[in-house]
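Asker: Quick one: the structure is below, and I'll ask about it shortly.
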Ligand code: AMP
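In our numbering, the protein residues as written are 3 to 393.
As structure tokens, then:
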């Protein structure tokens, strides 16, 4: 996710600059001013409440702003990120934004401040007033909007400066110059963010070998809980001994053992371009744990893949594997294999369902050969690193 707030006085060019960012990063655009004007036009209850306040150039109440924001965010559950224009306009709204981002398990990546002197704003707005049809684009109201900006909105800059995500841009250059600078800032924040990818699939779907190869190709840290547990067993550690017993019985390893291992791995890979998770999260509880772990390290889930293979083919593959050297301790009998398939069905499928609603899940046809499946997965991951070109 990439979340940006465009900041600046009325007439700074926020709307104009927004368009290119929305296209380039595939963001959901939220202009509280536009949304309010829509409500006015529709003569909704909310619109009626806001009408006079907008006409006078004052700020509408936070209750109204939160309502329209929540509605728009809920209507765009799979957004790649949000671009806020005209919000936050007060320090209180900055806290509101923190809360909204928190709910999405995300954060504001940058606040881009378009600096334009007052007289230039007035000039631009008077010019816009000739064609905009906006009741608030006349000199008396413009002066009041600028006063509101100085008194209530400017302090927001300090809030984000302290968080280290405030970027100032001279808004008086040509549209193209400002555009290039705004795009540069957004792109640098975007590429700085570590990505997190979760690869799902039934046992035997090839998720392990695919995820491993994908991690290599994209320079991501491969976080495979099964592999980490195997390493503990190989090293004969205390944890390894407990795991060996559980594996024998085909049980899932408890979170108390798995989570500290993942936590260590994430903490020791802070320089990585991102993470690719395989075999985790396996349960709904673990999906909440993953959100918490990622949030602690300033990341969130960027992409979820599910490799699909029909059940009979899975059984065939697992039975074949059990007769080879790559047989896993949990693949030694039909009973164990069935148990693992059932575990996936009962415990992990609900996680995928939850993610489908929350982030969207990309289904990959896993019936082809290794290279075909790899290609399909790689295309999906590649899209995370691509930044569209300027329009
Ligand atoms: P804008 O289109 O952003 O210039 O907004 C036009 C008018 O809508 C403002 O002068 C305010 O009356 C109202 N408005 C827009 N966004 C907000 C906000 N975040 N908080 C309070 N009022 C807002």
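Backbone N, C-alpha and C fix where the C-beta goes; we use that ideal spot for every residue, glycine too.
In the DSSP assignment, find the beta strand (DSSP E) that holds residue 30 and state where it starts and stops.
Answerer: In the chain shown, counting from the first residue as 1, residue 30 sits at position 28. Per DSSP, residue 30 belongs to the beta strand (DSSP E) from 30 to 33.
Asker: Ignoring anything shorter than 3 residues, give me the beta strand (DSSP E) runs that lie fully in the region 125 to 181, in order along the chain.
Answerer: Counting only runs of 3 or more, we get 168 to 172.
Asker: Give me the Cα-Cα distance between residue 287 and residue 193, rounded to the nearest whole angstrom.
Answerer: Position 285 of the chain shown, counted from the first residue, corresponds to residue 287. Position 191 of the chain shown, counted from the first residue, corresponds to residue 193. Roughly 30 Å separates the two Cα atoms.
Asker: Let me know the alpha helix (DSSP H) ranges lying completely inside the region 19 to 94, each 4 residues or longer, listed in chain order.
Answerer: Counting whole runs of 4 or more residues, the region 19 to 94 contains the alpha helix (DSSP H) stretches 34 to 43, 47 to 58, 64 to 77.
Asker: If residue 19 and residue 111 are in contact, beta carbons under 8 Å, what's the gap, nearest whole angstrom?
Answerer: Sequence index remark: in the chain shown, residue 19 carries index 17 (1-based). Sequence index remark: in the chain shown, residue 111 carries index 109 (1-based). At roughly 16 Å, the Cβ-Cβ gap does not stay under 8 Å, so residue 19 and residue 111 are not in contact.
Asker: Which of helix, strand or coil does DSSP assign to residue 251?
Answerer: Translated into positions along the chain shown, residue 251 becomes position 249. Looking at residue 251 - three-state DSSP - the assignment turns out to be helix.
Asker: Alpha carbon to alpha carbon, how far is residue 393 from residue 61?
Answerer: Working through the chain shown from its first residue, we reach residue 393 at position 391. Working through the chain shown from its first residue, we reach residue 61 at position 59. Interpretation of residue 393 is limited by its pLDDT of 40, a score under 50 that renders its predicted location unreliable; the figure taken from the coordinates is listed afterwards. One C-alpha to the other measures close to 33 Å.
Asker: Under the criterion of a Cβ to heavy atom distance below 6 Å, does residue 11 qualify as lining ligand 1?
Answerer: Your numbering for residue 11 matches position 9 in the chain shown. No, the beta carbon of residue 11 sits no closer than 6 Å to any heavy atom of ligand 1.
Asker: Is it the case that the Cβ atoms of residue 221 and residue 234 are separated by a distance below 7 Å?
Answerer: Here residue 221 refers to the residue found at position 219 of the chain shown. Here residue 234 refers to the residue found at position 232 of the chain shown. Not a contact, by the Cβ cut-off of 7 Å.
Asker: Check the C-beta distance from residue 368 over to residue 208 and give it rounded, since I have them as a contact under 8 Å.
Answerer: Walking along the chain shown from the start, residue 368 turns up at place 366. Walking along the chain shown from the start, residue 208 turns up at place 206. About 6 Å; that satisfies the 8 Å criterion.
Asker: With distances taken from CA atoms, which of 153, 167, 57, 291 is nearest residue 140?
Answerer: Here the question's residue 140 lines up with position 138 in the chain shown. The shortest C-alpha separation from residue 140 is found at 57.
Asker: Considering only their Cβ atoms, is the gap separating residue 354 from residue 310 smaller than 7 Å?
Answerer: For the purposes of this step, residue 310 is taken as the residue at position 308 of the chain shown. For the purposes of this step, residue 354 is taken as the residue at position 352 of the chain shown. No; because the gap between Cβ atoms is not below 7 Å, this pair is not in contact.
Asker: Based on DSSP bridge pairs, tell me the residues matched to residue 198.
Answerer: By 1-based counting over the chain shown, the position of residue 198 is 196. According to DSSP, residue 198 bridges with 277.
Asker: On the three-state DSSP scale, how would you describe residue 380?
Answerer: The residue given as residue 380 occupies position 378 in the chain shown. Helix, per DSSP.
Asker: Measuring CB to CB, does residue 159 end up less than 7 Å from residue 7?
Answerer: Residue 159 sits at position 157 when you count from the first residue of the chain shown. Residue 7 sits at position 5 when you count from the first residue of the chain shown. Contact flag unset, no.
Asker: Helix, strand or coil for residue 367, going by three-state DSSP, please let me know.
Answerer: Position 365 of the chain shown, counted from the start, is the residue given in the question as residue 367. Strand.
Asker: Under 6 Å from any heavy atom of ligand 1, does the C-beta of residue 48 make it?
Answerer: As a first step, residue 48 is located in the chain shown; it is residue number 46 there, counting from the start. It does not: the Cβ of residue 48 is nowhere closer than 6 Å to a heavy atom of ligand 1.
Asker: In this structure, does DSSP put residue 114 in helix, strand or coil?
Answerer: Counting from one through the chain shown, the residue named residue 114 turns up at place 112. Here residue 114 sits in strand by DSSP.
Asker: Below 6 Å CB to CB, which residues in the same chain sit around residue 362 once its five sequence neighbours on both sides are set aside?
Answerer: In the chain shown, counting from the first residue as 1, residue 362 sits at position 360. Within the same chain, residue 362 has close Cβ partners 80.
Asker: Taking 8 Å as the threshold, find out whether the region 317 to 330 comes into contact with the region 257 to 266 through three or more Cβ pairs.
Answerer: Flag = no, the region 317 to 330 and the region 257 to 266 do not touch.
Asker: In chain order, what residues of the same chain have a beta carbon less than 6 Å from the beta carbon of residue 21, not counting five sequence neighbours either side?
Answerer: Position 19 of the chain shown, counting from 1, holds the residue named residue 21. Within the same chain, residue 21 has no close Cβ partners at all.
Asker: Just checking my contact of residue 88 with residue 35 at CB under 8 Å: how many whole Å lie between their CB atoms?
Answerer: In the chain shown, the residue the question calls residue 88 occupies position 86. In the chain shown, the residue the question calls residue 35 occupies position 33. The Cβ separation is near 5 Å, so the contact holds.
Asker: Does the separation of the CB atoms of residue 170 and residue 117 fall below 7 Å?
Answerer: Taking the first residue of the chain shown as 1, we reach residue 170 at position 168. Taking the first residue of the chain shown as 1, we reach residue 117 at position 115. Yes. Within cutoff.
Asker: For residue 16, I'd like the list of residues in its chain whose CB is within less than 6 Å of its CB, leaving aside the five on either flank, ordered along the chain.
Answerer: Position 14 of the chain shown, counted from the first residue, corresponds to residue 16. The answer, listed in chain order, is 8, 10, 87.
Asker: Going straight from the alpha carbon of residue 244 to that of residue 184, what length do you get?
Answerer: In the chain shown, the residue the question calls residue 244 occupies position 242. In the chain shown, the residue the question calls residue 184 occupies position 182. Each residue's alpha carbon lies about 54 Å from the other.
Asker: CB-CB under 7 Å to residue 93, same chain, minus the five flanking residues each way: which ones, in chain order?
Answerer: Residue numbering aside, residue 93 sits at position 91 when the chain shown is read from its first letter. Excluding residues within five positions, the ones whose Cβ falls inside 7 Å are 157, 158, 161.
Asker: Would you decide whether residue 314 is buried or exposed? Buried here means 16 or more other CB atoms lie within 10 Å of its CB.
Answerer: Mapped onto the chain shown, residue 314 falls at position 312. That one is exposed.
Asker: Given a cut-off of 7 Å, decide if residue 48 and residue 66 are closer than it, judged by their beta-carbon atoms.
Answerer: The residue labelled residue 66 in the question sits at position 64 within the chain shown. The residue labelled residue 48 in the question sits at position 46 within the chain shown. Yes, the pair counts as a contact, with Cβ atoms nearer than the cut-off.
Asker: Using a threshold of 7 Å, state whether the C-beta atoms of residue 85 and residue 24 are closer than that.
Answerer: Numbered from 1 along the chain shown, position 83 holds the residue referred to as residue 85. Numbered from 1 along the chain shown, position 22 holds the residue referred to as residue 24. Yes.
Asker: Once DSSP output is grouped into helix, strand and coil, what is the label at residue 375?
Answerer: Taking the first residue of the chain shown as 1, we reach residue 375 at position 373. Correct three-state label for residue 375: helix.
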